[in-house]
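Data first, discussion second: the structure below is written as C-alpha cells.
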Amino acid sequence: MDQYWDYPKDTDAPILWAEGVRRYVLNGTCIAEAQGGGFYTKPVIVRTTDERLKLRAIDIERLYEINRDLMISLEHKSIYFIQEQYAKYSAKGFSFICAFSGGKDSLLLLDLMSKALAPSDFYVVFSNTGMELSDTVKAVEKAKKHWSKLRFMEAKCHMEPEESWNEFGPPASRLRWCCSVHKSVPTVLLIQSLVGEKSKVVVFDGVRGEESLRRSKYEEVGEGVKNSLQVNCHAILKWSSSEVFLYLLKNKIFLNDAYRCGIYRVGCKVCPMSAKWQDALIAAHYPGEIAESLHQLEEITLFAKGRLDKKYVEEGGWQSRAGGKILKQGENRVFEQVSDNEITFSLVHAKQNWLDVLPIFGNIVESVGNQYTVQSKHGIFTMSFDADDEKQTITLSPCSKLDRYALSALRAIANKTAYCVGCKSCIPQCPAGAFQIIDGRIQIRQSSCIHCYNCCTAFERGCMVAKSLFVRGDSVVNPDKYRNFGFRQSFYDHFCENGAQCFGMEVLGKDQYKSLKQWLAESGILQRVQKGTKESVTTDITALGTKIMSYGPYNPFAWSIMWANLAYNSIVARCFCLNVDVGATFDNAYLVNCLDHDIDEKYRRQAVNSLLSTFRDSPIGSALSQGISIDKALYLRAGWDYPHAVALLYTLYLYAEHTGSKKFTFTDLMNAKNNKDSLGISPSDIYAIDVNSFRDAVQGLALQFPKYIRVSFIANLDNIILEDYTSLEVLDLAEE
Ligand code: SF4
Ligand code: SF4
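For the sequence shown, numbering that gives the first Met the number 0 assigns the number 0 to the initial residue and increments by one for each residue that follows.
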C-alpha cells in the first residue's frame, strides 16, 4: 500500500478501518480489498481508486470524546457486572478465574477485572496451546508486567502439538480434538489444582456476542454450561470490536503485535477453522513458526497422493478429513465378532492393556489362568483374555446380558485400550475422580468408579484418537445410485399406474428407470437382496409397497412413510435429516460438506443433486416442507407443520425395530442425532419437528392410540413403551 498512498509510519493510532476483514474503508468508502492468498500464495491488493491518497492517523482522543457517554456506560456496566457476580458467587463459596488468551478482548477484560476486584480475588489463567504466535506469548509477558499485582497462571498440555499431531493426525474441522487436548482440559485441570477438584468456580471470559451468531445468543451468565461445577460470566458480551480497540487505545494498553500485521483473531497459528486470509497473513509474518505444522500437512499429501500437493494444503483439503484414511497413522485396531452368545474383541497394536481399562465396565472377582469372572452392574460375565506383543484377544459371555448401553461401553473400552495415548481429556469427564492417566497409562480407581460410563460416551467411539484414526470401509464409496435424478412424483406416478411392469416400458430413459428403482428400494417399496457385502434391488413389491401404493402418487401421508424409510436407507437422506435443523436454510455446498469426506467429492455432489431434485419435484420438499426452494440455490427446511399421527407412530416403531428395543426414553430419541452409535433416528429429525411440538405430539399419540404406545413424561421419567406390533401393522391405523 505504501507504493500508492502516503501515510504516517510513526504512529500507533489506526489509519484505516477494516470492514469484514479484507476490505479497507476510508470515510465510509471501500478503497482497497485483499483478494486470494493462503499459506503459499500472497494475496492481491485491489484498489478501487487510482488517486494518491494522503491518509492521516485517527485522532483517538477526539473519537473517544465523541463516544464518551457510550464508552463510560459500557465500562461501568461491565465493572458493575463483575462486582455483582463476585458478590453473588463468593457468598456461595465459589473461586474466581479470569481466562486470558493474549488477544484484545482478554486485555480489555483483564483491565476491567483489575478495576473491579482486588488482585487476591481471582487468578488469571493463560491457556497456552503450544500453537500460539510468538507475539501472543510476548503479549502475555507484557501483561504480567502491566498488571504486576495479579496472579498469572499458565495451563499447558503435557504433550507438545508436534507430538499430539503425530498421535492423532492433524486436527480437522470435524476432528477438533486439539481444543480439548491443548486448551480446555489443561485449563480445567489447572483450575482444579488451584481451587480443589470439587470446588466451584466462576470463569470470567472475553466472549463477545459480535463474534458469531451462536455467541450473540449467549446469556451473560451461564451456570453449568461447560461442567456442573463451573459458571461462565461474559463480562464484555455486548462490546463491539471498535469499542474494544477504542478502549485499549484510549487507555494506552498495549496491543498484541499480531493485530498490527492485520491478523484479526489471535489464536492457533495453524487451525482447521481458519480462513485463507488469516493463513496468508500468518505465513507472511511468521514463516518460521508454522514451518513444522506445514511440513506435517505436506506429509499427508505425500502419503495420500504419492506426491507433494501444496494446493491441497493451501485450499484446506486436510481440514475436511473425517477419519484416518488419508493418514499414515490411520488404522483400525479393534475387530469385533459376535457368535454363540459370546462377543470377541481382537485388538492389534493396542496402546493400553485391556485389564487396566476393564474396571470401567466391572471388576474381576476371580481368575484362573486366562479365565476371569467379571462382576458388573449388568450381571456376572465370564471372560477370557490372551495377549502378546501384537494382539490382545478378549471373549466375553453371555452376550444376552448386554443391553445396548453395556455393549457401547465395551466398544468404547476396546477403543480406549487400542488407541489411548494418555491425552487426559477423559479425566474431567469422570464425576468420581476414578479415571486417571499416570505416565501415559490409563488407571481406573476401582473403589471410586461408579460405572456411569461418562468417560465412554463423552467422545465418539470412546476416544478421540480412535475417531481421528479410524478408517472407514468401502461400503460408503458411492452414496449416489440415483444417476443424478431425484425421486420425482411423475416417476412414481408412472410406477403406481403400471407397477413393476413399468421397468419394461420405454416411457422414461434407461438411467431414469435405474434411478427410480433405487429410490423405490430405499423407500421400502421394492425388495432389496443382500448377497455378502453386496446389495441388489429386485422388482418385487414389498408388503409395505403394496400398502403405500394404494394411496396413489399424490398422497403426502404415503410420501411421509417413504421419506421415513429413506432417512434410514439412503446415505444422503439420512445425512440431511441429521444435519439440517428445523427452520434452517441450506444449499448444495453445505450438504456436500456434511456427507462423509471419505466419499469421493464427485459422488457426494451427485447424491446431493439427486436429493435436491427430490425436494423440488416431489411432495417431500413442499407438502412435508423438508426442502422448500427459496431461490435458485437456497432451500429452507421448515419442517412438517401438522405431521400425520400414524406417520409419527410408524417412525417410532421404525426406531424400535432399528435399535432392537420397544422401550426407550424421550431423551434417547433426542440424543440419537448426536450419538453416532445410535441405530435409530428420532421422528423429530426425520420430519424436522421442534422438541416441544414433538413431545406434545408423542403425548397425543398415547391418548389417541393407547393400545400401541404408552408414555410417562413425569419429572425425569420420560419413558416411551411400544406394544407388540410391527411398523407395518401400525400403518393399518391410517385406514381406520
Ligand atoms: S467416568 Fe464413570 S465409568 Fe468412567 S471411570 Fe469415571 S466413574 Fe468410572
Ligand atoms: S481414551 Fe481419553 S484420555 Fe485416552 S487418548 Fe482417548 S480421549 Fe484421550
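Idealized CB from N, CA, C, for every residue including glycine.
Here the structure is a predicted model, which is why all the values come from computation and not from measurement.
When only Cα atoms are considered, Trp238 and Leu108 end up about 11 angstroms apart.
Here Arg403 carries a helix assignment [DSSP, helix/strand/coil]. Runs of the alpha helix (DSSP H) lying entirely within the region 686-731 and spanning at least 4 residues, in chain order: 690-703, 726-729.
Here Asn369 carries a coil assignment [DSSP, helix/strand/coil]. Around Tyr452, the same chain offers Ala408 as residues with beta carbons nearer than 6 angstroms, after the five sequence neighbours per side are excluded. In this structure, Ala465 has its beta carbon at no less than 7 angstroms from each heavy atom of ligand 1. Annotation: Arg173 to Glu735 spans about 47 angstroms, alpha carbon to alpha carbon. For Glu341, the uninterrupted beta strand (DSSP E) segment begins and ends at 341-347.
Note that the C-beta distance between Leu525 and Lys516 is below 8 angstroms. Beta bridge pairing from DSSP links Lys53 with Asp5. Judged by DSSP secondary structure, Gln391 falls within the beta strand (DSSP E) whose first and last residues are 390-396. The Cβ atoms of Glu219 and Phe434 lie no closer than 8 angstroms to each other.
With distances taken between CA atoms, Asn673 lies nearest to Phe458 out of Asn587, Ala520, Phe458, Arg636.
The DSSP-derived three-state label of Tyr452 is coil. Distances between the C-beta of Ala413 and the heavy atoms of ligand 1 are all 7 angstroms or more. With respect to Ile441, Gln351 sits close: the two C-beta atoms are nearer than 8 angstroms.
Taken through DSSP and simplified to helix, strand or coil, Arg259 comes out as helix. The region 241-254 makes contact with the region 59-70; the number of CB pairs closer than 8 angstroms reaches 3 or more. Shown here for Ser375: same chain residues with a beta carbon closer than 6 angstroms to its own, the five before and five after excluded, namely Phe360, Gly361 in chain order. Per DSSP, the continuous beta strand (DSSP E) segment holding Phe151 begins and ends at 150-155.
Ligand 2 approaches Val420 closely enough that one of its heavy atoms is under 7 angstroms from the residue's Cβ. The DSSP assignment places 587-593, 600-616 as complete runs of the alpha helix (DSSP H) inside the region 574-655, in order along the chain (cut-off: 4 residues).
Taken through DSSP and simplified to helix, strand or coil, Trp562 comes out as helix. In this structure, DSSP gives Asp385 an extended state, which the three-state scheme calls strand. For Tyr481, the closest alpha carbon among the candidates Tyr602, Met152, Asp539 is that of Tyr602.
Here Ser77 is buried, its C-beta having at least 16 other C-beta atoms within 10 Å.
Here the region 323-339 does not lie against the region 180-188, with fewer than 3 beta-carbon pairs under 8 angstroms apart. Under the 10 Å beta carbon count, His294 is surrounded by fewer than 16 other beta carbons and is classified as exposed. Counting C-beta pairs closer than 8 angstroms gives fewer than three between the region 148-155 and the region 295-312, which falls short of the contact rule. Residue environment analysis places Pro160 among the buried positions, since at least 16 neighbouring C-beta atoms fall within 10 angstroms of its C-beta.
About 45 angstroms separates the beta carbons of Leu346 and Ala257, which is beyond the 8 angstroms limit, so they are not a contact pair. Residue list for ligand 1: Ile359, Gln428, Cys429, Ala431, Ala433, Phe434, Ile443, Cys448, Ile449, His450, Cys451, Tyr452, Asn453, Cys454 (CB closer than 6 angstroms to any heavy atom, chain order).
Per the DSSP secondary-structure output, Tyr85 pairs with nothing in a beta bridge. Nearest to Tyr6 by C-alpha distance, out of Pro705, Asp134, Ile57, is Ile57. Within the chosen limit of 7 angstroms, ligand 2 reaches the beta carbon of Ile436 through at least one heavy atom.
When rounded, the separation of the alpha-carbon atoms in His145 and Gly102 is 15 angstroms.
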